[in-house]
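Visitor:
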Amino acid sequence: MAEMNTKAMFKLSYGLYVCTAKRGDKLNGCIINTAIQVASEPNRISIAVNKANFTHDMIKETGVCNVSALSTDATFDIFKHFGFQSGRDVNKFEDADNSGKIAEGKISYKIAENGVPYVETGTNAYFSLKVEQMVDLGSHTLFICEPTMMDVLADTSSCTYDYYQNNIKPKPQAVGTTPKGETVWRCVICGYEWVGEELPDDFICPICKHPKADFEKIVR
Ligand SMILES: Cc1cc2nc3c(=O)[nH]c(=O)nc-3n(C[C@H](O)[C@H](O)[C@H](O)COP(=O)(O)O)c2cc1C
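Take 1020 as the starting number for the sequence shown in the working numbering and just add one per residue.
1. When you compare only the Cα positions, how much space is there between Asn1062 and Met1169?
2. With respect to 7 Å, is the separation between the Cβ of Arg1107 and the closest non-hydrogen atom of ligand 1 below this value?
3. Short check: CB of Ile1064 to CB of Phe1146, under 8 Å?
4. Any idea what DSSP makes of Glu1080, helix, strand or coil?
5. Taking the straight line between their C-alpha atoms, what separation do you get for Cys1209 and Gln1152?
6. Does DSSP put His1159 in a helix, a strand or coil?
7. Measure the C-alpha to C-alpha separation of Ala1232 and Val1238 and round it to an integer number of angstroms.
8. If I measure Cβ to Cβ from Asn1069 and keep anything under 7 Å in the same chain, skipping five residues before and after, which residues do I get?
9. Does the count of Cβ pairs from the stretch 1137–1145 and the stretch 1106–1113 closer than 8 Å reach three?
10. Compute the Euclidean distance between the alpha carbons of Phe1101 and Leu1035, then round it to the nearest angstrom.
11. Can you find a heavy atom of ligand 1 that lies under 7 Å from the Cβ of Cys1209?
12. By Cβ distance below 7 Å, which residues in the same chain neighbour Cys1084 in space, the five residues on each side in sequence not counted?
13. Which of the three DSSP states, helix, strand or coil, is assigned to Thr1074?
14. With 16 as the cutoff for other CB atoms within 10 Å, does Val1154 come out buried or exposed?
15. Taking 7 Å as the cut-off, is the beta-carbon of Gly1082 closer than that to any non-hydrogen atom of ligand 1?
16. Say yes only if the C-beta of Tyr1137 is nearer than 7 Å to one or more non-hydrogen atoms of ligand 1, and no if none qualify.
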């Protein structure tokens, strides 16, 4: 039987979103690429969130979240801020601005009718979602949701995963040669590099939490 060419996975196209939640006084959010409209009558939007994410637990417990669609105006800083660190360790909304003006260098947000924040910086729409069904998919939970509110925030084009890879994410540094000729595994999502012969099957990128399948092998 022919071997699976897992690079085919990269041919699936996605948008990118900040998925935000609120539990008690805590506001948080993470980057997801897994928001899609899955039915029209009634309108249903699903999101898949990794169980390791703090946002996951917040959505599971409160049953509500918002999804802000990232546009081509989004900077790498927004991806780093929401996608490369966890709300377990930092308060991602501490320096964010809720005053109504879009302040230079700050992430601006508003509180939607459902009490959950949505991000205004680098986004073109937001959706307020109420969880209808949860499907346990192993690494992720699929939340199938009813949209309770939505609005367009800008006319800028949506940021696809492809656009992020080619235009927003800094290009990984040129691979040099080391005298030792080591094998380096590079996360194609965030550029994190791990040195060693065989990447363990259960390896998870410490920066962006993507699995082994998202690593490519580079021989220096
Ligand atoms: C480009 C990009 C796409 C991502 N896509 C997803 C996704 O679809 N689902 C997910 O659970 N995490 C995804 N992540 C990872 C989370 O955003 C990341 O682990 C985040 O730090 C979790 O934050 P939290 O612990 O505060 O929830 C993505 C990260 C990046 C940079």
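Positions of the beta carbon are idealized from the N, C-alpha and C atoms, including for glycine.
Guide: Quick look at the numbers:
1. Between Asn1062 and Met1169, the C-alpha separation is close to 12 Å.
2. yes
3. yes
4. DSSP places Glu1080 in helix when its eight states are reduced to three.
5. 31 Å
6. strand
7. 17 Å
8. His1075, Ser1158, His1159 and Lys1228
9. no
10. 12 Å
11. Flag set: Cβ of Cys1209 near ligand 1.
12. By the criterion of a C-beta distance shorter than 7 Å, Cys1084 is surrounded in its chain by Cys1038, Thr1039, Ala1040, Ile1078, Val1135 and Leu1148, once the five residues flanking it on both sides are discounted.
13. helix
14. Its Cβ having fewer than 16 others within 10 Å, Val1154 is exposed.
15. Incorrect: Gly1082 has no Cβ contact closer than 7 Å to ligand 1.
16. no
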